[in-house]
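Inspection log for the structure reproduced underneath, given as structure tokens.
In this note's numbering, the protein residues as written are 28 to 516.
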């Protein structure tokens with residue numbers, strides 16, 4: 028299955044590539060007037076209906092979670108391993124991803140080609156997602172192929188083989204994939220953003236470069252596999268038009284020989300938010316425009332402030348009608364786009380404002396982003412903005428789960444991060460309970476600090492456009508610190 032898998036070496040790498048054309052403001056004061064008469068959301072009035080997740084635990088510690096979805100043409104089979112990029116040894120970053128990608132490249136009894144033929148004969152889709160805290164192996168197939176899919180999953184997991192030949196091939200592929208990603212300024216900015224926020228934290232392990240790949244050995248993969256690929260550190264998920272108890276019995280038969288072994292895995296403590304002025308500039312010689320990230324560490328998804336913060340994030344930059352876009356794009360014409368986003372891990376979350384700006388407007392654009400964030404933390408959002416953000420988010424929740432992939436991804440996330448059942452299907456109710464006061468409190472709690480600023484652009488723009496920053500840390504596109512520039516020096 029060499030060509031049938033995808034791996035996400037870190038969350039949120041598939042950032043929305045929204046690149047609207049630049050436009051001058053059509054009237055003065057657009058930014059202020061839109062606050063008084065914000066546009067109505069385009070949410071669909073559709074009720075969120077998610078099936079309950081039935082859970083059982085097998086004698087060897089393997090958990091099974093099933094969700095009955097009548098009328099679905101395909102069944103989804105997933106295996107979640109509660110170990111991700113953050114669990115790679117600090118001296119061997121990338122081991123989690125390469126271990127997962129070696130799964131399916133041959134077993135003790137089946138060659139990689141034989142496994143690939145079996146998957147293709149089912150008409151199945153197979154993917155591998157390696158995230159910060161967990162890894163997911165996913166199959167989509169017709170219901171009639173469930174038994175064969177379970178056999179394939181059992182074979183590639185329990186009988187995994189890590190040969191020197193396959194690893195050498197995979198390392199070449201992974202090296203060039205990571206090297207090619209450096210052509211994407213969004214990737215460069217995101218990696219530096221996480222690297223800066225997670226200094227001296229296990230999550231920084233996920234921000235590796237292609238150069239570390241060459242040092243990974245089969246011994247490293249076997250060690251990682253033996254430690255984390257255990258039934259009491261795994262969950263099998265099945266969703267579709269299936270009978271849960273019957274599926275549970277089938278899984279028990281296929282995975283009964285998986286040897287139980289306690290897994291010592293501590294949840295990393297949340298890192299402290301950034302508390303000092305910090306501007307990082309990543310040099311990208313081929314950049315056409317400047318890429319801007321401004322953000323900080325926030326709460327985890329299990330925190331009571333989670334839903335209030337989602338509302339605040341939406342008001343700040345959730346759509347083209349939100350504050351950041353209306354200011355930087357429509358009013359000031361500094362940016363091609365400007366949005367705010369969040370990503371949540373097991374121990375914490377991060378928020379960031381993201382913009383693509385014209386090089387000559389880097390400094391004023393950063394100032395406007397910082398001003399919008401500060402205004403949200405001190406003044407909050409008005410009642411109309413809050414209610415319309417809630418309406419939009421509630422209306423779009425069902426859309427998120429319409430697709431097979433969206434449902435499977437959310438189910439895996441709920442199970443892998445041990446989120447409560449309310450996170451599964453009570454989103455609308457919890458969003459409705461968000462008040463102006465709760466939203467303002469969340470903004471004050473998490474937007475009042477000093478955000479990290481990461482910029483990606485050409486080396487020559489430093490001298491042309493960025494002299495107003497007091498201190499700038501300059502990095503190459505591999506993340507290595509080149510120099511620190513100080514105003515007046």
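The beta carbon of each residue, even a glycine, is placed where N, CA and C say it ideally should be.
Do residue i and residue j have their C-beta atoms closer together than 8 angstroms?
| i | j | result |
| --- | --- | --- |
| residue 161 | residue 109 | yes |
| residue 329 | residue 374 | no |
| residue 229 | residue 295 | yes |
| residue 325 | residue 271 | no |
| residue 221 | residue 233 | yes |
| residue 466 | residue 421 | no |
| residue 180 | residue 125 | no |
| residue 407 | residue 463 | yes |
| residue 133 | residue 123 | no |
| residue 461 | residue 338 | yes |
| residue 502 | residue 239 | no |
| residue 449 | residue 378 | no |
| residue 519 | residue 159 | Examination of residue 519 is not possible in this model, given that the chain is present from 28 through 516 alone. |
If you draw a straight line from the C-alpha of residue i to the C-alpha of residue j, how long is it?
| i | j | result |
| --- | --- | --- |
| residue 68 | residue 457 | Since pLDDT at residue 68 reaches only 48, below the 50 mark, its modelled position is unreliable, and the value read off the structure follows with that caveat. So the alpha carbons of these two residues sit roughly 19 angstroms apart. |
| residue 214 | residue 252 | 28 angstroms |
| residue 212 | residue 106 | 33 angstroms |
| residue 367 | residue 382 | 9 angstroms |
| residue 397 | residue 477 | 9 angstroms |
| residue 346 | residue 427 | 16 angstroms |
| residue 431 | residue 103 | 8 angstroms |
| residue 130 | residue 380 | 36 angstroms |
| residue 505 | residue 306 | 17 angstroms |
| residue 269 | residue 434 | 15 angstroms |
| residue 140 | residue 473 | 50 angstroms |
| residue 348 | residue 219 | 28 angstroms |
| residue 136 | residue 440 | 32 angstroms |
| residue 455 | residue 429 | 16 angstroms |
| residue 480 | residue 227 | 18 angstroms |
| residue 277 | residue 174 | 8 angstroms |
| residue 355 | residue 312 | 25 angstroms |
| residue 425 | residue 77 | 9 angstroms |
| residue 358 | residue 352 | 9 angstroms |
| residue 114 | residue 343 | 33 angstroms |
| residue 87 | residue 191 | 31 angstroms |
Which residues does DSSP pair with residue i in a beta bridge?
| i | result |
| --- | --- |
| residue 167 | 103 and 152 |
| residue 512 | 499 |
| residue 82 | 92 |
| residue 479 | 305 and 322 |
| residue 108 | 162 and 261 |
| residue 157 | 162 |
| residue 187 | 134 |
| residue 310 | 484 |
Could you tell me if the beta carbon of residue i falls within a distance shorter than 7 angstroms of some heavy atom in the ligand NAD?
| i | result |
| --- | --- |
| residue 362 | Summarising the ligand content, the structure contains no ligands, and the ligand NAD is consequently not present. |
Can you check the segment 483-507 for any alpha helix (DSSP H) of at least 4 residues that lies completely inside it and give the ranges in chain order? Listed in chain order, the complete alpha helix (DSSP H) runs (minimum 4 residues) inside the segment 483-507 are 488-492.
When the Cβ atoms of the segment 117-128 are set against those of the segment 243-263, are three or more pairs found closer than 8 angstroms? At 8 angstroms Cβ cutoff, the stretches touch.
Uninterrupted beta strand (DSSP E) stretches inside the segment 229-290 (no shorter than 3 residues): Qualifying beta strand (DSSP E) stretches, in chain order: 261-267.
Could you tell me whether the segment 91-109 touches the segment 253-266, using the rule of 3 or more Cβ pairs below 8 angstroms? For the pair of segments examined, the segment 91-109 was found to touch the segment 253-266: the number of CB pairs separated by less than 8 angstroms reaches three.
Segments of 3+ residues assigned as beta strand (DSSP E) that fall wholly inside the segment 315-342: With a minimum length of 3 residues, the continuous beta strand (DSSP E) runs that stay inside the segment 315-342 are 317-325.
Assess contact between the segment 493-513 and the segment 350-363, defined as three or more Cβ pairs (one per stretch) separated by less than 8 angstroms. Is contact present? Flag = no, the segment 493-513 and the segment 350-363 do not touch.
Which ranges does the beta strand (DSSP E) cover as unbroken runs of at least 3 residues, wholly within the segment 352-424, from first to last along the chain? With a minimum length of 3 residues, the continuous beta strand (DSSP E) runs that stay inside the segment 352-424 are 362-371 and 376-384.
Quick test of the definition: if touching needs 3 or more C-beta pairs under 8 angstroms, does the segment 279-293 touch the segment 175-189? The segment 279-293 is in contact with the segment 175-189.
Report yes or no: do three or more beta-carbon pairs, one from the segment 197-210 and one from the segment 76-83, lie closer than 8 angstroms? No, they do not touch.
Answer yes if the segment 480-492 comes into contact with the segment 386-394, meaning at least three C-beta pairs across the two stretches below 8 angstroms, and no otherwise. In short, these stretches touch, since the Cβ pair count reaches three.
Can you list the alpha helix (DSSP H) stretches of 4 or more residues lying completely in the segment 420-450, in chain order? List check, alpha helix (DSSP H) in window: 431-443.
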